[in-house]
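Below you'll find the structure, written out as structure tokens, and then a few comments.
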Amino acid sequence: MAETPTLYERIGEDNILQLVDDFYEGVEGDELIRKMYPEDLLPAKNRLKLFFIQALGGHQTYTDERGHPMLRRRHFQWKIGQDEATHWLQHMHNALEKATFAEKEKDEFWDYVYKAALHMINK
């Protein structure tokens, strides 16, 4: 019996990379959450790309380069409340609206990022 393709395989790496680029376009102009990011967004953007590739079933480069993701611990230095999570999710939603992959995969991706954003709330 054939294995079920991962979300990474169904979305495709190029689409994941574009999704993150589109997401960061929104973050760049967001007064509330932009201050949580370094001045140069490129390193953060590249880390998110590697994270999503791995989290969705692709190669393990993120862990090879940075160790276990430990999402909540890595983000604990910032005070993340409901407003910050909502802004983050709005930019991800806008990026998903631009995405050209199938709605089923968009829904599955959204479910993942929605739960992750709520998990990051620490204030």
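Take any residue in the sequence shown, count from 1 to its spot, add 151: that is its number in this note's numbering.
For glycine and all other residues, C-beta sits at the position ideal for the given N, C-alpha and C.
| Check | Outcome |
| --- | --- |
| Helix, strand or coil at HIS210 [DSSP, three-state] | coil |
| Cβ-based neighbour list, LEU183, same chain, cut-off 7 Å, excluding 5 preceding and 5 following | ASP234, GLU235, HIS238 |
| CB of ARG223 within 9 Å of CB of ASN273, strictly | yes |
| Residues near VAL171 in its chain [Cβ-Cβ closer than 8 Å; skip 5 each side] | LYS196, LEU199, LYS200, PHE203, ALA246 |
| Cβ-based burial, LEU158 [other Cβ within 10 Å; buried from 16] | buried |
| Counted within 10 angstroms of its Cβ, other Cβ atoms place LEU108 as buried (16 or more) or exposed | Because the chain spans 152 through 274 in this model, residue 108 falls outside it and cannot be assessed. |
| Residue environment, LEU269, which counts as buried when at least 16 other CB atoms sit within 10 Å | exposed |
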